[in-house]
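**Q**
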Amino acid sequence: MSVIQTPENWRLFRDHVIPGLRTFDEGAGEQIGRGYALENDPESTGRAYQKPTLIITGRQDQAVGYFDAFTVLENYPHATFVALDRAGHNAHLDQRALVDTLFAEWLARVDQASGLVGAHRDSATLLEPVEATLGR
């Protein structure tokens, strides 16, 4: 459930999270779970990932927590890392405006790193499909 409990957050949870929970295939989930761990931990390669990265965690995440994500941060020198208060596992629903802003900033960094600055896309345009899906 959402950390911030408002009618709007309930609508988002009901419309976007509950359908996935209801259609979850336990057999497939078990199969995925058996092969979930990576054979080689990407953080143990000794090479830092040099591309723009965005790591969003929720301080009240009841599913996976937030603290363990700090341990990999040194491997991502171009990362924005946030642990949002008043956000759980569905931080994108609990703190929509903050997450939207963080995504827009990250997309701008991706464009810059890719040489797409001023090209065919901008961050606001890229967020339009997300906003439409969330009914905004």
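Under this note's numbering, the first residue of the sequence shown carries the number 1073, and numbering increases by one thereafter.
No residue lacks a Cβ here, since even glycine has one placed at the ideal position from N, Cα and C.
Keep in mind that this is a model prediction, so the values were computed, not measured.
(1) Here's the rule: buried if 16 or more other CB atoms are within 10 angstroms of the residue's CB, otherwise exposed. What is Gly-1160?
(2) Taking only runs of the beta strand (DSSP E) that begin and end inside the segment 1135-1188, which ones reach a length of at least 3 residues, in chain order?
(3) What did DSSP end up calling Thr-1078 once you bin it into helix, strand or coil?
(4) State buried or exposed for Ile-1128, treating a residue as buried only when at least 16 other CB atoms are found within 10 Å of its CB.
(5) Determine which residues share a DSSP beta bridge with Ile-1128 and list them.
(6) Which one of Val-1136, Val-1089 and Gly-1130 has the shortest CA to CA distance from Val-1154?
(7) Here's the rule: buried if 16 or more other CB atoms are within 10 angstroms of the residue's CB, otherwise exposed. What is Ala-1109?
(8) Give every residue of the same chain whose Cβ lies closer than 7 Å to the Cβ of Leu-1165, excluding the five residues on either side of it in the sequence, and list them in chain order.
(9) Out of curiosity, what's the CA-to-CA distance linking Asp-1183 and Asp-1172?
(10) For the alpha helix (DSSP H) that contains Thr-1095, what are its first and last residues?
(11) For the alpha helix (DSSP H) holding Leu-1099, just list the boundary residues, first then last.
(12) Among Leu-1093, Gly-1187 and Arg-1119, which has the Cα closest to the Cα of Tyr-1148?
(13) Is Leu-1110 helix, strand or coil when you go by DSSP?
**A** So, from the data block:
(1) The residue labelled residue 1160 in the question sits at position 88 within the sequence shown. Result: buried.
(2) 1151-1156
(3) Translated into the one-based positions of the sequence shown, residue 1078 becomes position 6. Three-state result, Thr-1078: coil.
(4) Reading the sequence shown from its first residue, position 56 is the one you call residue 1128. The residue in question, Ile-1128, is buried, as its Cβ has 16 or more Cβ neighbours within 10 Å.
(5) For the purposes of this step, residue 1128 is taken as the residue at position 56 of the sequence shown. In DSSP, Ile-1128 forms a bridge with Val-1154.
(6) Locating residue 1154 in the sequence shown gives position 82, counting from the first residue. Ranking Val-1136, Val-1089 and Gly-1130 by Cα distance to Val-1154 puts Gly-1130 first.
(7) Indexing the sequence shown from 1 puts residue 1109 at position 37. When all chains shown are included, Ala-1109 counts as exposed.
(8) Within the sequence shown, residue 1165 is the residue found at index 93, counting from 1. Contacts found: Ser-1074, Asn-1081, Leu-1084 and Phe-1085.
(9) The sequence position of residue 1183 within the sequence shown is 111, counting from 1. The sequence position of residue 1172 within the sequence shown is 100, counting from 1. So the alpha carbons of these two residues sit roughly 16 Å apart.
(10) Walking along the sequence shown from the start, residue 1095 turns up at place 23. From DSSP, the alpha helix (DSSP H) with Thr-1095 extends over 1090-1095.
(11) As a working mapping, residue 1099 is identified with position 27 in the sequence shown. Per the sequence presented here, residue 1099 reads as Gly, with Leu not at that position. Run containing Gly-1099: 1098-1106, per the alpha helix (DSSP H) assignment.
(12) Here residue 1148 is taken as the residue at index 76 of the sequence shown, counted from 1. Considering only alpha carbons, the answer is Arg-1119.
(13) Residue numbering aside, residue 1110 sits at position 38 when the sequence shown is read from its first letter. Looking at Leu-1110 - three-state DSSP - the assignment turns out to be coil, as it is neither helix nor strand.
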